[in-house]
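Quick note, the sequence shown lines up with residues 14 to 270 if you use my numbering.
A virtual CB, placed ideally from N, CA and C, is assigned to each residue, including glycine.
Working notes, structure below.
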Amino acid sequence: MAEARIFQDEFLCPVCQDLLKDPVTIPCGHSYCKSCITDCWDQEDQKRVYSCPQCRQTFSPRPALARNTMLAELVEKLKKRKRPADCDAGVEDVQCDACTGRKYKAFKSCLVCLNSYCQNHLEQHESWFKGKRHNLTDATGRLQEMICQKHKKLLEVFCRTDQKCICVLCTIDGHKNHNTLSAATQRTEKQVLKLDTDEILLTLISCVYIGNILTAYSILTCTRQQKLTAAARRVSLFAENASETFINTIFHKIDFD
């Protein structure tokens, strides 16, 4: 079923870039929507010399336009076989890089070819590179941001030392002996670290209140140290203030007694 889109560009009107409507073929062999070529030639009426918008071959007198019945039937069949998934790319959609003329919405981006593909061209891509490891991701307009500008490789490593994404070649060129991990692992850790600091703080305070120091210590050691350092300081300050308030209350009570 993919052949409908493979040849679809052959049935686009060169003037309006849409599927041919009421197609006509002029003497040079090129085909157009009847209304499109009529409009073009109406503008040339004054010169009485009519040209093909594609090859610029001229005709005089003005050729009669007869409907190309066979071409019209092929276009109708193509419309019926057109996939629902093959829709025009909207303003916010990623366009297929392989489409010529009319651009369709891309569904996948290849991290090896650095191109985005609509459903039909994706099938062609998979057919051409069958057996080869081409990594695909959901269509994105940010492909260049995912590629190392120096080595033209995918940024699939995270350098903790420099706090940036790098490619595998960067690990031996400029980031040798640095603390690195896969970008996927880094993303997972980042999601874990989204735990709100205030939530951690409240948990620690609760543990201090009930005297469960071991639990508080466990939380501190099981969560990333860097993020919890500030929380620990706040807990310490809170504890000091609470102790001071408690002592002042006791002394105040003693004074009244």
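Run of the beta strand (DSSP E) containing residue 178, from where it starts to where it stops: Per DSSP, residue 178 is one residue of the beta strand (DSSP E) stretching across 177-179.
C-beta neighbour in chain B for residue 152, strict 7 Å: No chain B appears in the structure shown, which is made up of a single protein chain.
Sufficient close CB pairs (3 or more, under 8 Å) joining the stretch 119-129 to the stretch 140-153: Judged by Cβ distances under 8 Å, the stretch 119-129 makes contact with the stretch 140-153, as three or more pairs qualify.
CB-CB length for residue 178 against residue 171, believed under 8 Å: That pair is a contact at about 6 Å.
CB-CB length for residue 107 against residue 153, believed under 8 Å: Separation of the CB atoms of residue 107 and residue 153 is rounded to 6 Å, and the pair is thereby assigned contact status at 8 Å.
Of the residues 71, 29, 168 and 36, the one placed nearest residue 85, counting alpha carbons only: Closest by alpha carbon: 36.
Rounded straight-line distance, which links the Cα of residue 168 to that of residue 43: Those two C-alpha atoms are separated by around 47 Å.
With 16 other Cβ atoms within 10 Å as the buried cut-off, status of residue 97: Annotation note: pLDDT 49 at residue 97 (below 50); position unreliable, coordinate value reported separately. It counts as exposed.
For residue 36: DSSP bridge partner residues: Answer is 46, bridged to residue 36.
Nonlocal neighbours in the same chain, by C-beta distance under 7 Å from residue 111, ignoring five residues either side: If we look at residue 111 and ignore the five residues flanking it on each side, its Cβ neighbours are 128, 130 and 134.
Range covered by the beta strand (DSSP E) that runs through residue 140: Annotation for residue 140: no beta strand (DSSP E) segment contains it, though the alpha helix (DSSP H) segment containing it runs 132-141.
Within 7 Å, strictly: CB atoms of residue 26 and residue 33: Going by beta carbons, residue 26 and residue 33 fall inside the 7 Å limit.
Residue 117 versus residue 159: straight-line alpha-carbon distance, rounded: Each residue's Cα considered, the two are about 23 Å apart.
DSSP-derived helix/strand/coil call for residue 62: Reduced to three states, the DSSP call for residue 62 is coil.
Beta-bridge partners of residue 25, as assigned by DSSP: Beta-bridge pairing links residue 25 to 32.
Residues near residue 49 in its chain [Cβ-Cβ closer than 6 Å; skip 5 each side]: Excluding positions up to five away in sequence, the list reads 26, 28 and 29.
Spatial neighbours of residue 192 in its chain, beta-carbon cut-off 6 Å, leaving aside the 5 residues before and after: Same-chain partners within the cutoff: 173 and 174.
C-beta contact flag for residue 24 and residue 91 at 7 Å: Yes, these two residues count as a Cβ contact at 7 Å.
Residue 81 classed as buried or exposed, judged by whether at least 16 other C-beta atoms fall within 10 angstroms: Around the C-beta of residue 81, 16 or more other C-beta atoms lie within 10 Å, and the residue is accordingly described as buried.
Residue 132 burial status per 10 Å Cβ neighbour count (16 or more: buried): Residue environment for residue 132: buried (at least 16 other C-beta atoms within 10 angstroms of its C-beta).
Own chain residues within Cβ distance below 7 Å of residue 184, not counting five before or after: Non-local C-beta neighbours of residue 184 in its own chain, meaning closer than 7 Å and more than five positions away in sequence, comprise 170 and 193, ordered along the chain.
Backbone CA spacing between residue 136 and residue 67 [nearest angstrom]: So the two alpha carbons sit approximately 31 Å from each other.
Own chain partners of residue 138 with C-beta closer than 6 Å, once the 5 adjacent residues on each side are dropped: Around residue 138: 130.
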